[in-house]
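Below is one structure, written out as structure tokens, with a few remarks after it.
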Amino acid sequence: GFPLPCLWYSVRGEVKTTPQSVTLVNEHIVGGLVIAGEPSARVRDFHALPLLPIWPRVLGNIAFWSLIWWLVPTALIAWRRRRRSRRGLCQGCGYDLVGIAVGEDKQTTCPECGAAWKLSEDPAPQSPALEETREGGG
Numbered sequence: 067g068f069p070l071p072c073l074w075y076s077v078r079g080e081v082k083t084t085p086q087s088v089t090l091v092n093e094h095i096v097g098g099l100v101i102a103g104e105p106s107a108r109v110r111d112f113h114a115l116p117l118l119p120i121w122p123r124v125l126g127n128i129a130f131w132s133l134i135w136w137l138v139p140t141a142l143i144a145w146r147r148r149r150r151s152r153r154g155l156c157q158g159c160g161y162d163l164v165g166i167a168v169g170e171d172k173q174t175t176c177p178e179c180g181a182a183w184k185l186s187e188d189p190a191p192q193s194p195a196l197e198e199t200r201e202g203g204g
């Protein structure tokens, strides 16, 4: 998995000791599928697909990708709303609000989608910045 490796396997067998060497005999893989080679070859020529989950890492990967999939659209929507507000457009539908009547409470309603917007306190020289009020929606 990415960003955390989250699967594992093990190689089991019997150790055979001689005065010249130590070898693994009757080896078999547990929790994985052999792709190529024999387990005794180890890193050089042996490849296996791990199948046993490491649950904390699986949950970490789920949390990471959930955050990414939530953050990207949320950031794009916020950026689009901010850009529309700076241009004097309705943040919900993009309708041009320049020239629309503003009440004493510095609030206006979009004639296109019906969302209620309040002018922000931050003055913008080109166009009025707008804030959504609780009554509006769009």
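The numbers in the sequence shown follow the numbering used here, run straight up by one, and end at 204. Virtual Cβ for every residue (Gly too), placed ideally from N, Cα, C.
Residue burial annotation: R146 is exposed, with fewer than 16 other C-beta atoms found within 10 angstroms of its C-beta. Listed as beta-bridge partners of I95 by DSSP are V77. By the Cβ test, the segment 67 to 75 is in contact with the segment 123 to 133, since at least three Cβ pairs between them sit closer than 8 Å.
For T140, the enclosing alpha helix (DSSP H) starts and ends at W121 to R152. With contacts defined as CB atoms closer than 7 Å, V88 and E80 fail to qualify as a contacting pair. DSSP places L115 in the uninterrupted beta strand (DSSP E) bounded by H113 to P116. In the structure shown, A107 adopts helical secondary structure according to DSSP, grouped into three states. No Cβ-Cβ contact shorter than 7 Å links A114 with G97.
Look at D162 here: in three-state DSSP terms it is strand. Taking C-beta atoms as the reference points, G154 and V138 fail to come closer than 7 Å.
From the listed residues C156, G67 and G180, the smallest Cα separation to L118 is found for G67. Residue environment analysis places T140 among the exposed positions, since fewer than 16 neighbouring C-beta atoms fall within 10 angstroms of its C-beta.
For L90, the beta-bridge partners assigned by DSSP are V81.
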